[in-house]
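*Asks:* Counted the way UniProt numbering counts, the sequence shown spans residues 1 to 80. Ideal placement from N, C-alpha and C gives every residue a C-beta, glycine not left out. Note that the coordinates shown come from a computational prediction; the quantities given were computed from them, not determined experimentally. There's a structure below that I have some questions on.
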Amino acid sequence: MAERFFRVLPGRYPLRNSEVRVQFRERRRFGSVLVDEMRAWVDDTPDPKAVVDRTKRAIIQRLARDLAVNDLMGDTPYKP
């Protein structure tokens, strides 16, 4: 399995520092590929690192849930 890592970036809007994007990426031979991404708001938060850590845990839990459902249901062509 390829190495996976997190990258924390500022929000998409240039004048807003209250949003961060937490990306879960997979390193490839050339560059990396985005696996999952969540945005988190850090407005009026005394500890933005705690918000980023919670977001990382949420991404990992979401991927684990998706893998468990895929193992249970199998690979189906239907995606809503």
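Assign T55 to one of two classes, buried (16 or more other C-beta atoms within 10 Å of its C-beta) or exposed (fewer than that).
*Replies:* Counting Cβ neighbours within 10 Å, T55 comes out buried, since at least 16 surround it.
*Asks:* Given 8 Å as the limit, is there contact between the stretch 42-53 and the stretch 23-32, that is, 3 or more CB pairs closer than that?
*Replies:* No: the two stretches stay apart, fewer than three of their Cβ pairs being nearer than 8 Å.
*Asks:* Mark A2 as exposed unless 16 or more other C-beta atoms lie within 10 angstroms of its C-beta, in which case mark it buried.
*Replies:* Counting Cβ neighbours within 10 Å, A2 comes out exposed, since fewer than 16 surround it.
*Asks:* Could you have a look at D36 and say whether DSSP puts it in helix, strand or coil?
*Replies:* If DSSP states are grouped into helix, strand and coil, D36 belongs with the strands.
*Asks:* Compare the C-alpha of I59 against each of T45, D36 and P46 and name the closest.
*Replies:* The shortest C-alpha separation from I59 is found at D36.
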